[in-house]
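Number of protein chains: 2
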Amino acid sequence: MTTRLRVGVIGLGAMGAPMARRFHAAGWLHAVWNRTPAKAAALVGELAGEPGVIHAESPAELARTCQLVLTSVSADADLQAVVEAMVPGCHADLTVVDTSTVAVDTARRMAARLAEHGTGFLDAPVSGGVEGARRGSLVMMVGGAAEVLERVRPALAALATDIRRLGEVGAGQAAKAVNQVMAAGINEAVTEALALGEAAGLPLDELIDLLGGGAAGNWFLDHRGPTMVRGEYAPGFRLALHHKDLVLCQQLWRQLSGAESPLVATTLGHYETLMTQGRGDEDISALYRLKCSRRNGSQK
Amino acid sequence: MTTRLRVGVIGLGAMGAPMARRFHAAGWLHAVWNRTPAKAAALVGELAGEPGVIHAESPAELARTCQLVLTSVSADADLQAVVEAMVPGCHADLTVVDTSTVAVDTARRMAARLAEHGTGFLDAPVSGGVEGARRGSLVMMVGGAAEVLERVRPALAALATDIRRLGEVGAGQAAKAVNQVMAAGINEAVTEALALGEAAGLPLDELIDLLGGGAAGNWFLDHRGPTMVRGEYAPGFRLALHHKDLVLCQQLWRQLSGAESPLVATTLGHYETLMTQGRGDEDISALYRLKCSRRNGSQK
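If you're matching them up, the sequences are chains B and Z in order. Last residue of the first sequence: 330 (our numbering), numbering continuous. Last residue of the second sequence: 330 (our numbering), numbering continuous.
Next comes the structure, spelled out in structure tokens:
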């Protein structure tokens, strides 16, 4: 029988809260902490009962009482702040699993900082979005020591159907970067092509259905094609977040090759135009607006 | 019971020959013609027996004796030459179905030329490649009058599992252009992203498997990812042919919008570099060579 680890969650946003709920439903959740305390208090209230969930006073207290701390924050600086705040409570029986999307270098620095206290670290960015977090069907891209992963894998199985180790610390973030670059290029491909179809006066729903079954078929066309051509851009995946991730991808490209990725640079430029127009909270498929407006001068 | 149309096939290349065989197996094939007569003679020999297949002396003779002529040629000029050569044999009981990838304008001109003789025309470019032609599992994008399509649909069903009418003459070619633009963009996306993964030292087979199940998942990654990272570039879809199609896509963009597609221009440039290196007969996934060499200066 698996001994249950005591699990803490830091960062109860759009992804962190449903992951905490999944841990609780599976009997693993011990404590939570959030920068805005009201969010943590609300979740603790929601999950009241036997066993209850502790609202930790600080990241250090949470670290002290847990064996696995999962972090889900927005940006590199947030992760660094949270890890520093955990340090006074860190111990050798603790593993920190960061599901945020941050730079490869940041992941490596966090691992080194925690190792000073004997605490293990895995970078474990996820894909599958809020829906995947709710259903426990995330894909988790893991970097770190294999034995550290095996120690916490039974708990992570409450969140993800595919937990894949891709190498040492940083490999998870590198894999996530590959995913985000591919997603950017596919967004460019699908919106450019459908804008051509729109300009040619083709029946776009028919066309999307038709192309989906062929060699140009892809998840994004199937799931975002029908909404984008109706002018619906509710996220999904927020454009400003993808922009943030692509900045990290571009940094990684520069580090590895000394040059930028032209494809990533193009998408960054397009997203910046849309963010200037106040579209940062829309789905990334709002790129279709730009592709159509380029042709007809209007804002579709 | 469906009365069988007498079907002729012009152009017995990589796509035309297997389509002719499918018509024959279904009992529709009456005659064939090919610019290089030896190819037609060989196919007639292969299909000898009861009922035999006629090796027509000319496109005009083939047109005279058939009710459906399917054309499968390489380029716009070839199609124009074949249609002109058919004209003396054209009649009101004939429909010409062109499965080649040509310009929207060329399709419209062919339709008008044939209409002078009461002959129907459908532009019906296909996707699914040689494998799809062999299996009769092509996707056919059709432009033309609905009643003309319904007349020949029972015969076309021997070739394609999805026969989709997208509008009047030219709509099939416009839809094919959308498909080719999307395929170009996806090729750019997948090769760029995997080159980043390669540079980061990630295990590429694992990564391809992982990404295929997520929001960046696509047919090209699943089918060409594993081969490209092994340096295998057997077609598949010949790079020089995709280049030819993308030139047509760019012309269509210019006609419809007065501007070029930046995405298509980028891919055309990449393909031209590869063609200069003698890679035109490789699969389009050979773009991965360029993405990797950009980083490390070597030819992978």
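Glycine residues also receive a C-beta, built at the ideal position from the N, C-alpha and C atoms.
- Shown here for E198 (chain Z): same chain residues with a beta carbon closer than 8 Å to its own, the five before and five after excluded, namely G173, G174 and A175 in chain order.
- The secondary-structure analysis by DSSP pairs I84 (chain Z) across a beta bridge with Z:A61.
- In this structure, L241 (chain B) sits away from I314 (chain B), with a CB-CB distance that is not shorter than 8 Å.
- R309 (chain Z): not part of any beta strand (DSSP E); DSSP gives it neither H nor E.
- In the same chain as A44 (chain B), and ignoring 5 residues on each side of it, the C-beta atoms closer than 6 Å to its own belong to V160, in chain order.
- Annotation: A78 (chain Z) to T303 (chain Z) spans about 45 Å, alpha carbon to alpha carbon.
- Ranking B:E222, B:A163, B:M140 and B:L124 by CA distance to the CA of L179 (chain B) puts B:L124 first.
- The beta-carbon of G255 (chain B) is placed no less than 8 Å from the nearest beta-carbon of chain Z.
- Annotation: the continuous alpha helix (DSSP H) that includes R284 (chain B) extends over L269 to S287.
- Under the Cβ distance rule, L179 (chain B) does not count among the residues neighbouring chain Z, no pair being separated by less than 8 Å.
- H60 (chain Z) is a Cβ neighbour of V37 (chain Z), given a cutoff of 8 Å.
- Taking C-beta atoms as the reference points, A201 (chain B) and I193 (chain B) fail to come closer than 8 Å.
- A Cβ-Cβ contact shorter than 8 Å links E222 (chain B) with G215 (chain Z).
- The way I'd put it, the stretch 133–148 of chain B does touch the stretch 98–117 of chain B; three or more beta-carbon pairs between them come closer than 8 Å.
- Contact fails between the stretch 87–97 of chain Z and the stretch 64–74 of chain Z, because fewer than three Cβ pairs, one in each stretch, are under 8 Å apart.
- With a contact defined as Cβ atoms closer than 8 Å, C279 (chain Z) and Q210 (chain Z) qualify at about 6 Å.
- Here DSSP, grouped into helix, strand and coil, assigns L234 (chain B) to helix.
- Our two residues, V208 (chain Z) and V103 (chain B), have alpha carbons roughly 39 Å apart in a direct line.
- Counting along the chain, M171 (chain B) sits inside no alpha helix (DSSP H); it lies in the beta strand (DSSP E) bounded by residues L168 to G173.
- Under the DSSP assignment, D128 (chain Z) falls outside any alpha helix (DSSP H), being part of the beta strand (DSSP E) whose first and last residues are T125 to D128.
- If you look at T191 (chain B), you'll find it in the beta strand (DSSP E) that goes A190 to G197.
- Closest in C-alpha terms to E312 (chain B), from the list B:L286, B:R254 and B:L276, comes B:R254.
- Going by beta carbons, M170 (chain B) and V156 (chain B) fall inside the 8 Å limit.
- Contact with chain Z is found for S291 (chain B), since one of that chain's Cβ atoms lies less than 8 Å from the residue's Cβ.
- For T101 (chain B), no alpha helix (DSSP H) segment is defined; the enclosing uninterrupted segment is the beta strand (DSSP E) at L98 to T101.
- For I40 (chain Z), the pairing in a beta bridge is given by DSSP as Z:W63 and Z:T101.
- The beta carbon of Q110 (chain B) lies closer than 8 Å to those of T136, R139 and M140 in the same chain, with the five residues before and after it left out.
- Annotation: G247 (chain B) to L234 (chain B) spans about 15 Å, alpha carbon to alpha carbon.
- Beta-bridge partners assigned by DSSP to D153 (chain Z): Z:D128 and Z:G173.
- A229 (chain Z): member of the alpha helix (DSSP H) spanning A201 to A229, first to last residue.
- Of the other Cβ atoms in all chains shown, 16 or more fall within 10 Å of the Cβ of H273 (chain B); this residue is therefore buried.
- Contact residues of the stretch 183–210 of chain B toward chain Z are D192, R194, L196, G197, A201, A204, A205, A207, V208 and N209 (C-beta to C-beta distance below 7 Å).
- Distances from the CA of G308 (chain Z) to each of Z:G150, Z:Y263, Z:P256 and Z:A122 were compared; the closest alpha carbon is that of Z:Y263.
- Against chain Z, the beta carbon of G227 (chain B) has neighbours under 8 Å at A204, A205 and V208, listed in chain order.
- With a 10 Å radius around the Cβ and a threshold of 16 neighbouring Cβ atoms, R284 (chain Z) comes out exposed.
- In this structure, the alpha-carbon of M49 (chain Z) lies about 11 Å from that of I40 (chain Z).
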